[in-house]
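So the protein lines, in turn, are chains L and X. Take the first sequence: its letters are residues 1196 to 1502, numbered as in this note's numbering. Take the second sequence: its letters are residues 1196 to 1502, numbered as in this note's numbering. Using N, Cα and C, we set each Cβ at its ideal position, and we do this for glycine too. This report refers to the structure that appears directly beneath it.
There are 2 protein chains.
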Amino acid sequence: MKIIPFGTSSGRPTLNRHVSSLAVVGEGEWWLFDCGEAAQIQLMRAGLSAHKLAGIFITHLHGDHFNGLAGLLSTMSLDQRQRPLTLVGPPGIGEYLNLLKRLRTIHISYPLELREFSGRDFREIAEQKVFESTHHEVVARPLDHRIFTLGYRLTERPKPGRFDLERAQALGIPAGPLYSKLQAGEDVTLPDGRVIASSEVVGPPRPGRSLAYCLDTRPCANGVSLAREVDCLVHEATFTDEHAAESDQYGHSTASQAAAIASQAGAKLLLITHFSSRYPDYRPLLAEARRHFPETRAAEDLLELAL
Amino acid sequence: MKIIPFGTSSGRPTLNRHVSSLAVVGEGEWWLFDCGEAAQIQLMRAGLSAHKLAGIFITHLHGDHFNGLAGLLSTMSLDQRQRPLTLVGPPGIGEYLNLLKRLRTIHISYPLELREFSGRDFREIAEQKVFESTHHEVVARPLDHRIFTLGYRLTERPKPGRFDLERAQALGIPAGPLYSKLQAGEDVTLPDGRVIASSEVVGPPRPGRSLAYCLDTRPCANGVSLAREVDCLVHEATFTDEHAAESDQYGHSTASQAAAIASQAGAKLLLITHFSSRYPDYRPLLAEARRHFPETRAAEDLLELAL
């Protein structure tokens, strides 16, 4: 699994950073978290195929997280996309798409499954599954921004344990269907009457990789929940502590607040992003986060990060 | 006056061409025709200041001409824009902006004068003035596309004739207020009683430069009217003649049709743009147009063209 930030600036693009959008690339499919302006250009630059895009997860409707959606959706129609696409987002996204269809601004010719949340869903259900594919699932929780905002966690399902071929041969298990049953977790009886437990030849299930995406938000408990022991927490770090009051006022986090969330959650890696354009150099933000959480990296547009 | 195309691809961006948007730069102010995705990034790359942007003229609401508007409008608020902005566009643009304000996708903190046209305006008024500043005006006419589309003509007002200082001195006219009166077109009486006509020392008014912007459209009479004797006609040329049937079906023009419009209108220069992404090389389009109208150039993203 790898992460490719498409845009890492907050509010407005700069000459070096586009606005928020981040690709997570798995085997045979990938997902987009937020879809700021020019996301469809960045995906070409990253060498990704839009045909393999399986889901788009919008955190909130502020334009810097959202204005690239209309163009990307239409371009996939021009590209003759056939594959269904899941689109998850906050209240209003359906009304927006309906108006753009009526105005003929967008044209969508493939199956689009829209999952739009209302605030009410979240008073009733603290965490909600919003996407499922063969090997992955995504859950959402509301965060704490100026407007209704969703945070997401993508989890790869646990993979079966490794099959110990040498041990199976040493036990004299005949190759063939019995191997498959053991790999699938079943105990089997050999032709000579011995019973072999699956656990004798199959290792423990291997946990899947996981990623949490928390922007835009003040530091909050749901951020910690989403990031619990993830391989990578992508968290906004719009400001340094020097501007903590402004950060709180606008519903954002400072770099050290992002680091505190990563630390509380036991995340393995923190990727900070969504930098205010007042920081032409990300190093003060990175240094501040690393004081609290050494395993921090600063996002750069199109810089690939393998998990 | 100079022209800077921000995007020259039709429908979808490519790695070399953004979607439609074109800046026209005058003295102290500039104007944007269409506002496709990433226009706000291209304006930074072109070194233009958004504070000097005086008017945005949208032809129609297809996303490739329009999806960059929301981001640009909000970024100007973040940049503390104070100057009023004129926004001209087809029916629906006000409803779109209202929804985006309600969803908090955009935030506009400066005076925005929206001029939205209904089809009805155009049954009553063939040509309508949509913008006026000290030195320029813009008129609009409907074109012939799949949806309601406006073409535009920007005209610089005629400049006063040149004052012939040598001739004035030879005539013994005392420097000072009399010069101003003559320059302003008044005849004056000298202290010695001689009457001097303004035309004796001031040349004929110099015509202002002009530009027509016609996309997206089939070739049509209103395109010719807008382009009448302009210094530069910017006209779409989505296809070559080989695809004339498809071009007509989708409400577009071929390169030779664009050239025919330029020729009928007596334009001085034709700039073709809005190339289908099926043409990785613009040269067949340019060659086709030049067969009918030799003074043709092919637009490139960010290539400046002085008028």
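For this session: Thinking L1248 (chain X) and D1229 (chain X) are a contact (beta carbons under 8 Å), I'd like their distance in whole angstroms, please.
Result: Residue mapping note: residue 1248 (chain X) aligns to position 53 of the second sequence, counting from 1. Residue mapping note: residue 1229 (chain X) aligns to position 34 of the second sequence, counting from 1. 13 Å between Cβ atoms; not a contact.
How about T1209 (chain X) and S1472 (chain X): do their beta carbons lie closer than 8 Å? For the purposes of this step, residue 1209 (chain X) is taken as the residue at position 14 of the second sequence. For the purposes of this step, residue 1472 (chain X) is taken as the residue at position 277 of the second sequence. Yes. Within cutoff.
Work out the CA separation of L1295 (chain L) and P1344 (chain L) for me, nearest whole Å.
Stepping through the first sequence from its first residue, residue 1344 (chain L) is reached at position 149. Stepping through the first sequence from its first residue, residue 1295 (chain L) is reached at position 100. Reading the sequence as shown, one finds Thr at residue 1344 (chain L) and not Pro. Going by the C-alpha atoms only, they are around 22 Å apart.
For the beta strand (DSSP E) holding E1327 (chain L), just list the boundary residues, first then last. As a position in the first sequence, residue 1327 (chain L) is number 132, starting the count at 1. That run of the beta strand (DSSP E) goes 1323-1327.
In the structure shown, what three-state DSSP assignment does Y1408 (chain X) receive? Against the second sequence, residue 1408 (chain X) aligns to sequence position 213. The answer is strand: DSSP assigns Y1408 (chain X) an E or B state.
Practice task
Using a threshold of 8 Å, state whether the C-beta atoms of H1435 (chain L) and H1340 (chain L) are closer than that.
Solution key: Counting from 1 along the first sequence, the entry for residue 1435 (chain L) is found at position 240. Counting from 1 along the first sequence, the entry for residue 1340 (chain L) is found at position 145. The residue asked about is misnamed: residue 1435 (chain L) is Thr in this sequence, not His. No, Cβ-Cβ distance for T1435 (chain L) and H1340 (chain L) is not below 8 Å.
Report task. In the DSSP assignment, find the unbroken beta strand (DSSP E) run with E1347 (chain X) in it and report its ends. Result -> Position 152 of the second sequence holds residue 1347 (chain X). Per the sequence shown, the amino acid found at residue 1347 (chain X) is Tyr instead of Glu. Y1347 (chain X) -> beta strand (DSSP E) spans 1345-1351.
ask   = Do we get a CB-CB distance below 8 Å when we pair T1270 (chain L) with the residues of chain X?
value = In the first sequence, the residue the question calls residue 1270 (chain L) occupies position 75. Yes - at least one Cβ of chain X is within 8 Å of the one on T1270 (chain L).
Original post:
Taking the C-alpha atoms as reference points, what is the distance between G1206 (chain L) and L1280 (chain L)?
Top reply: As a working note, residue 1206 (chain L) is residue 11 in the first sequence. As a working note, residue 1280 (chain L) is residue 85 in the first sequence. In a straight line, the C-alpha of G1206 (chain L) is about 27 Å away from that of L1280 (chain L).
Can you tell me whether V1219 (chain L) is buried or exposed? The criterion is at least 16 other CB atoms within 10 Å of its CB, across all chains shown.
As a first step, residue 1219 (chain L) must be located in the first sequence, where it is residue number 24. V1219 (chain L) comes out buried.
Note down, in chain order, each residue of its chain lying with its Cβ closer than 6 Å to the Cβ of A1392 (chain X), except the 5 sequence neighbours on either side.
Here residue 1392 (chain X) refers to the residue found at position 197 when the second sequence is read from its first residue. Closer than 6 Å at the Cβ level, and outside the excluded window around A1392 (chain X), lie D1382.
Quick one: list the residues of chain X neighbouring G1206 (chain L), beta-carbon separation under 7 Å, in chain order.
To locate residue 1206 (chain L), count along the first sequence from 1; it is residue 11. Under the 7 Å cutoff, chain X gives L1273.
| field | Opposing strand residues paired with E1395 (chain L) [DSSP bridges] | value | For the purposes of this step, residue 1395 (chain L) is identified with residue 200 of the first sequence, where counting begins at 1. For E1395 (chain L), which the question treats as bridged, DSSP gives no partner whatsoever.
Validate contact between the stretch 1232-1245 of chain L and the stretch 1257-1269 of chain L using beta carbons, cut 8 Å, 3 pairs:
yes
**Report entry** Of the residues X:L1410, X:S1448, X:R1276, X:L1366, the one placed nearest V1397 (chain X), counting alpha carbons only
**Finding:** If you number the second sequence from 1, residue 1397 (chain X) lands on position 202. Nearest option by C-alpha distance: X:L1366.
**Message:** Any beta carbon from chain L within less than 8 Å of T1300 (chain X)'s own beta carbon?
**Reply:** Working through the second sequence from its first residue, we reach residue 1300 (chain X) at position 105. By this cut-off, T1300 (chain X) is an interface position.
Where T1281 (chain X) sits in the DSSP three-state scheme: In the second sequence, residue 1281 (chain X) corresponds to position 86, counting from 1. Strand at T1281 (chain X).
In chain L, which residues lie with their C-beta within 7 Å of the C-beta of G1202 (chain X)? Here the question's residue 1202 (chain X) lines up with position 7 in the second sequence. By Cβ distance, chain L contributes nothing, its closest Cβ being about 10 Å from G1202 (chain X), past 7 Å.
Span of the beta strand (DSSP E) around A1365 (chain X):
Taking the first residue of the second sequence as position 1, residue 1365 (chain X) is located at position 170. Element bounds for A1365 (chain X): not the beta strand (DSSP E) but the alpha helix (DSSP H), 1360-1365.
- Query: Per DSSP, which one or two residues make a beta bridge with L1307 (chain X)?
  - Reply: Numbered from its first residue, the second sequence carries residue 1307 (chain X) at position 112. According to DSSP, which records beta bridges pairwise, L1307 (chain X) is partnered with X:L1280.
Q. How would you write the range of the alpha helix (DSSP H) that V1419 (chain L) sits in, first residue to last?
A. As a working note, residue 1419 (chain L) is residue 224 in the first sequence. 1416-1421 is the span of the alpha helix (DSSP H), which, as asked, contains V1419 (chain L).
### Query
What residue range is occupied by the uninterrupted beta strand (DSSP E) comprising E1441 (chain X)?
As a working note, residue 1441 (chain X) is residue 246 in the second sequence. From DSSP, E1441 (chain X) is part of no beta strand (DSSP E) but of the alpha helix (DSSP H) over 1439-1444.
Starting from the beta carbon of F1261 (chain X), find every residue of chain L whose beta carbon is closer than 7 Å, and list them in chain order.
Taking the second sequence and counting its residues from 1, the one referred to as residue 1261 (chain X) is at position 66. Going along chain L in sequence order, the residues near F1261 (chain X) (Cβ under 7 Å) are T1300.
Could you compute how far the alpha carbon of R1336 (chain L) sits from the alpha carbon of E1495 (chain L)? The residue given as residue 1336 (chain L) occupies position 141 in the first sequence. The residue given as residue 1495 (chain L) occupies position 300 in the first sequence. C-alpha separation (whole angstroms): 26 Å.
Rounded C-alpha distance that separates K1197 (chain L) from A1493 (chain L): Taking the first residue of the first sequence as 1, we reach residue 1197 (chain L) at position 2. Taking the first residue of the first sequence as 1, we reach residue 1493 (chain L) at position 298. Those two C-alpha atoms are separated by around 15 Å.
Quiz item: If we call anything under 8 Å between Cβ atoms a contact, is R1348 (chain X) one with V1425 (chain X)?
Solution: Translated into positions along the second sequence, residue 1348 (chain X) becomes position 153. Translated into positions along the second sequence, residue 1425 (chain X) becomes position 230. In this structure, V1425 (chain X) lies closer than 8 Å to R1348 (chain X) by Cβ.
Practice prompt. Could you give the DSSP three-state label for G1289 (chain X): helix, strand or coil?
Written response: Reading the second sequence from its first residue, position 94 is the one you call residue 1289 (chain X). G1289 (chain X) falls in the helix class under three-state DSSP.
Check your understanding: Could one say the Cβ of E1290 (chain X) lies closer than 8 Å to chain L's Cβ atoms, at least one of them?
Key -> Stepping through the second sequence from its first residue, residue 1290 (chain X) is reached at position 95. Closer than 8 Å to some Cβ of chain L, the Cβ of E1290 (chain X) qualifies, so yes.
Check your understanding: Count the other CB atoms within 10 Å of the CB of E1483 (chain X); is the residue buried (16 or more) or exposed (fewer)?
Key -> Locating residue 1483 (chain X) in the second sequence gives position 288, where the first residue counts as 1. Label assigned to E1483 (chain X): buried.
How should L1309 (chain L) be labelled, buried or exposed, when 16 other C-beta atoms within 10 angstroms of its C-beta is the threshold for buried?
Locating residue 1309 (chain L) in the first sequence gives position 114, where the first residue counts as 1. The residue in question, L1309 (chain L), is exposed, as its Cβ has fewer than 16 Cβ neighbours within 10 Å.
* **Residue burial classification, Q1444 (chain X) (beta-carbon count within 10 angstroms, cutoff 16)** => Translated into positions along the second sequence, residue 1444 (chain X) becomes position 249. It counts as exposed.
_Quick check on K1463 (chain L): does DSSP put it in helix, strand or coil?_
Mapped onto the first sequence, residue 1463 (chain L) falls at position 268. Residue state, collapsed to three classes: coil.
Contact residues within the stretch 1330-1362 of chain L, judged by C-beta distance below 7 Å to chain X: I1342
Contact set for H1302 (chain X): own chain, Cβ-Cβ below 6 Å, skip 5 residues either direction: What you label residue 1302 (chain X) is simply residue 107 of the second sequence in a count that begins at 1. Within the same chain, H1302 (chain X) has close Cβ partners S1269, S1272.
Of the residues that make up the stretch 1225-1236 of chain X, which ones have a beta carbon closer than 7 Å to any beta carbon in chain L? E1232, A1233, Q1235, I1236
* So, are the CB atoms of N1293 (chain L) and G1346 (chain L) less than 8 Å apart? -> Along the first sequence, read from residue 1 onward, the residue named residue 1293 (chain L) stands at position 98. Along the first sequence, read from residue 1 onward, the residue named residue 1346 (chain L) stands at position 151. Going by C-beta atoms, N1293 (chain L) is not nearer than 8 Å to G1346 (chain L).
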